[in-house]
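This report concerns only the one structure given below.
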Amino acid sequence: MPDAMVAARASDAARGTPRQVDVAVVGAGFAGLYLLHRLRKAGFTTVALEEAGDVGGTWYWNRYPGARCDIQTIDYSYTFDPELEAAWTWSEKYATQPEILRYLGFVADRYELRRDIRFGTKVTEASWDEAAERWQLTTDNGAPVSCRHYIMATGCLSAPKPPEIDGVKDFKGEVYFTGRWPHDGVNLAGKRVAVIGTGSSGIQSIPLIAEQAAHLTVFQRTPNFALPAHNGPAPSDRMSLLQGDRAAYREQARQSMAGVPYPQQTAVSWQLSDAERRARFEEAWGKGDLVYILTQLWADQAVDVDGNRLICDLIREKISAVVKDPETAAALMPHDHPFGAKRPCLDTNYYATYNRSNVTLVNLRQEPIKAITAGGITTARRSVDVDVIVFATGFDAMTGAIRAVHPITGRGGKSLSDVWAQGPQTYLGLTVEGFPNFFMITGPGSPSVLSNMAVSIEQHVDWVVDRLAALRDAGFTTIEPTEAAQAGWNRHMADCSTLTLHRLANTWYTGANVPGKVQGVMPYTGGVGPYRSICDEVVSRGMLGFRLTGPNVAAQCNDGEAVRLQPDVRLVLNLLATLNLPPIESMGALGARAFVNEFNKGRPAGRPIGDVVDGTLPGTDGPLPYRVYKPAAPGPHPVVVYFHGGGWVLGDEQSDDPFCRDMVRRTGMMFVSVGYRHAPEHRFPTAAEDGYAATRWIAEHAAELGGKPGPVLVAGWSAGGNIAAVTCQLARDRGGPDIAGQLLLCPVTDCDFDRPSYNDNATGYFLTRSLMDWFWDLYCSPADRIDPRVSPLRGKVAGLPPAFVVTCEFDPLRDEGIAYAEAMAAAGVPVQQLKARGHFHSSFTMVDVVITGAPGRVQMAEALRRFAGLPPEVSLGDEHSHGHTSPGHRIAAAAS
Ligand code: NAP
């Protein structure tokens, strides 16, 4: 319905007449305030509905002793107005709750925002009125509201979680929740106090409560990692960076992974000595900066359990150095989750508090709470009499504030609670299919709590308000994501969740803290900068994935998925695009080899394994170099003969070093990487014949090399996959050697360039059609190309060893790999395929760069072990859990 008609309809009603606005906002915290400011500037009529008595959101409610931010305040601030920045100076590195609340009040005053906020007002119901194309809101205070757009600025941690402990009502003493702390304070002096919960709220409040209370008993279910905040003035190095170039500093934050301007670490933990790692850790510990210690130690700290465990060990050392009683120290040490997978806490004197004589720690893992009684708390081992219980038990995070607070009914009477019954479904974390004109700021599916919220809030608000203005200007009255776009985003979310270790912890990030809540990683783990670029790309691609309608304009729907690539593949390809490299085929063979060598120097070093030994073997026309990669466990091990990639032109026996090391670690088998001869110096069939000769020699000399005599396996990537496939055919036809299985990773199998993948993926995915053309020209004359020694798909494929064939969605070679797998299977060869969604030609060999390739390499390792007759255990490396594996993890693993 046109706005004019709505206004006319509104004007004739008096009692209970809905207040008509363009946009209604729920919440007047960081997000709600900025929304009001932007909406007003963009010319929208607005109202914000706020349950609290004043602005502040989370900082209005969380007034417990010790409440502070855990992102440095210079970063945890609005940046949209340089004059605002100039007008406010923070007094401390981490501001207290009262100071942050004053800041938000200052912002509200400065932009006169309170006049559009209805305080003390809770929305009790929100329904989409299909005919009017408006949201109709009822509230518990004042007139209903009718709005064109409805925006939840409700925060991620605003719905406190019930304590789920029997007997709370029976307790006769005082009860407080950190998330709803009385505004006039609480006098705990001389009282026996219990604190239940040791998350950030508990850890911040416990030292101050201990100073006041006669006795404090802390009931801890799960220990958390806590780091000293070293609060004080804002650090001079950060301040001078900010003041030196404020705009650049802020921009770096916007493009960063966590919303705080720190660079990406490139050194991996295994490249650093113990002393170097300790020095980095001590420096970080001394800084008192959560984002620094979470991101700046080594590149693998947040993505790999081994790199992460090094930090866990160092923090546990710190705990035992501070806490005098060894049993208490041990109970305070987290062992059940990777560092950072659960939000670590910033503390002031937290661990030292347990050295006080008036503080007792009760380890609920050993003695669970049985009940709360009239006089205190009873565990399986004791009863503790207390006057006060403080629940620091957390929140129904992310979805709680949106889903549980009031019924939201969308198109066709669909309830948001029902739509989210199996976990939140969103597009970009901002919108939900079936809920037109409905937006969330920092909702599930957005970086939100895994980022500096101030940066994410500004990005979300800017994006939403800019879109609303653009829609209005174009005459559209509704916007809604499509089913396909939302499903794509959920897949992308699952892909992203394999990037970090968040899936390996029971946390409010995954919903595991609320009994019965569906579990899965709720925030977007792909990073703030990448998320921003995706949102921008959605706009530049014509509002990709949104359906727009209006009374006087043709409906518009450019349907599709925002991200089809794996998240880290997208980053790699974007980075390569910014380098603006000349095509490899324009460099000449020597130039291309030099380029590849340089390129490889920039990648993370391969991981440590048992041993690496170089040697030469006799080829048909002279020695061929090889490199043996041995597992750490004592041998002899089954032998895998490996052929590197490089289009028969590039690379050598060392060029796939990280991949060989990774596979050795995962399979527990020995890899012998062969330096076959290259074109154009040695054209077809040299590489194929070298591969076959090397395989035969290695099989005959397996024992001398330290391997297990008997059948060998062959493996190869790209042109190396071609050589591995050809070797299997030659071995079958020439009476050996005995090959137990073949791993073909993105193999070249045919000379035909007409399959769809050669067109779909001709450019933009590093290996291009033109580069393949060049490789073929250098290696093989047109007349020779149908020879099975270079096009094994044209050879006889029956009677070959069992195969595991990996193909990547965004690879020109995809379809010929699939064709070869299907041909072998049709001929009776046992074949398993991995069709890797969202991956490109180099995904699996870019070990420790394309992290989402790890589950695929697990499958390859399983296949090789199966071929070798070994039991199925593989070293999962970065995949194995610290304990509980969440469904989010399983979803993500299945998605790859
Ligand atoms: P939280 O991290 O979820 O911690 C809740 C604590 O209560 C956990 O130790 C939990 O144990 C325990 N718990 C919950 N139910 C329990 C039960 N029935 N029996 C015994 N123990 C129970 O909540 P939070 O401390 O309020 O922090 C939530 C988030 O808010 C933080 O992660 C942070 O992002 C934000 N926050 C930030 C700051 C800051 O520094 N700026 C301060 C406070 C909060 P389990 O772990 O075993 O479930």
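Note that the working numbering numbers the sequence shown so that position 808 is 854, with each residue one more than the last.
Cβ atoms here follow ideal geometry from the backbone N, Cα and C, with glycine treated the same way.
Everything numeric in this text was worked out from a predicted model, so none of it was measured.
Contact set for Gly-766: own chain, Cβ-Cβ below 6 Å, skip 5 residues either direction: Correct list, in chain order: Phe-689, His-690 and Gly-691.
Check Trp-174 in the structure and name its three-state DSSP category. strand
Segment contact, 8 Å Cβ cut-off, at least three pairs: the segment 399-407 with the segment 559-566: no
For a test of the three-state rule: what should DSSP assign to Tyr-80, helix, strand or coil? Of the three classes helix, strand and coil, the one that applies to Tyr-80 here is helix, per DSSP.
Host beta strand (DSSP E) of His-885 (start-end): 877-886
Rounded straight-line distance, which links the Cα of Ala-748 to that of Gln-775: 21 Å
Counterpart residues of Met-716 in DSSP-defined beta bridges: Val-685
Would you list, in sequence order, the uninterrupted alpha helix (DSSP H) runs of no fewer than 4 residues that lie entirely inside the segment 475-530? 499-520
Leaving out the 5 sequence neighbours to the left and right, which residues in its chain are closer than 8 Å to Gly-62 when beta-carbon positions are compared? Ala-189 and Pro-190
Beta-bridge partners of Arg-729, as assigned by DSSP: DSSP, once it has assigned bridges, lists no residue as partnering Arg-729.
What is the residue span of the beta strand (DSSP E) that Ala-979 lies within? For residue 979 there is no data in the structure shown, the boundaries of the chain being 47 and 942.
Quick check on the DSSP output: the alpha helix (DSSP H) that includes Cys-854 runs from which residue to which? Not the alpha helix (DSSP H): Cys-854 falls in the beta strand (DSSP E), residues 849-856.
Excluding the 5 residues preceding and the 5 following Cys-706 in the sequence, name in chain order all residues of the same chain whose CB lies nearer than 8 Å to its CB. Gly-652, Arg-673, Tyr-675, Tyr-688, Phe-717 and Ser-719
Would a C-beta distance cut-off of 8 Å place Gln-342 and Ala-330 closer than the cut-off? yes
Cβ-based burial, Asp-43 [other Cβ within 10 Å; buried from 16]: With the chain covering 47 to 942 only, the question about residue 43 has no answer from this structure.
Ala-869 - containing alpha helix (DSSP H), residue span: Segment 860-872, the alpha helix (DSSP H) holding Ala-869.
Which residue's Cα is closest to the Cα of Arg-226: Asp-736, Thr-439, Gly-752 and Tyr-738? Thr-439
Please check the pair Tyr-811 and Phe-886, which I expect to be a contact at CB under 8 Å, by giving their CB distance rounded to whole angstroms. The pair is a contact, with the Cβ atoms about 4 Å apart (cut-off 8 Å).
Could you spell out the range, first to last residue, of the beta strand (DSSP E) harbouring Val-642? From DSSP, Val-642 is part of no beta strand (DSSP E) but of the alpha helix (DSSP H) over 634-647.
Among Val-511, Ala-272 and His-381, nearest to Gln-250 - alpha-carbon criterion: Ala-272
Mark Asn-126 as exposed unless 16 or more other C-beta atoms lie within 10 angstroms of its C-beta, in which case mark it buried. Asn is not the amino acid found at residue 126; the sequence shown has Phe there. Phe-126 should be labelled exposed.
Tell me whether the segment 194-212 and the segment 69-83 touch, counting them as touching only if at least three CB pairs, one residue from each stretch, are closer than 8 Å. yes
May I ask whether a heavy atom of the ligand NAP can be found less than 7 Å away from the beta carbon of Gln-118? no
Measuring only from the beta carbon, is Asn-559 closer than 7 Å to any heavy atom that is part of the ligand NAP? yes
Check the DSSP bridge columns for Glu-220 and list the partner residues they point to. In the DSSP output, where bridge partners are listed per residue, Glu-220 has Val-434.
Would the segment 112-127 count as touching the segment 136-144 if we require 3 or more Cβ pairs under 8 Å? yes
Please state whether DSSP places Asp-393 in a helix, a strand or coil. Strand at Asp-393.
Write down every uninterrupted run of the alpha helix (DSSP H) in the segment 441-475 whose length is 4 residues or greater and which is fully enclosed by it, in chain order. Annotation: the segment 441-475 contains the following complete segments of the alpha helix (DSSP H) (minimum length 4 residues), in chain order: 462-465.
When the Cα atoms are used, what is the spatial distance from Leu-813 to Ala-172? 51 Å
Touch check for the segment 890-906 and the segment 855-874: three-plus C-beta pairs under 8 Å? The segment 890-906 and the segment 855-874 do not touch, with fewer than 3 CB-CB distances between them shorter than 8 Å.
Just to confirm, is the Cβ distance from Pro-482 to Trp-174 under 8 Å? With respect to the 8 Å criterion, Pro-482 and Trp-174 are classified as neighbours on the basis of their beta carbons.
On the three-state DSSP scale, how would you describe Asp-800? coil
Report the rounded CA-to-CA distance for Tyr-122 versus Ala-500, giving the unit in angstroms. 5 Å
Where does the unbroken beta strand (DSSP E) through Ile-785 begin, and where does it stop? 785-791
Taking three-plus beta-carbon pairs below 8 Å as touching, is the segment 531-551 in contact with the segment 269-289? Touching, no, given that fewer than three Cβ pairs across the two stretches are closer than 8 Å.
In chain order, what residues of the same chain lie with their CB nearer than 6 Å to the CB of Gly-656, ignoring the 5 residues before and after it? Lys-676, Pro-677 and Ala-678
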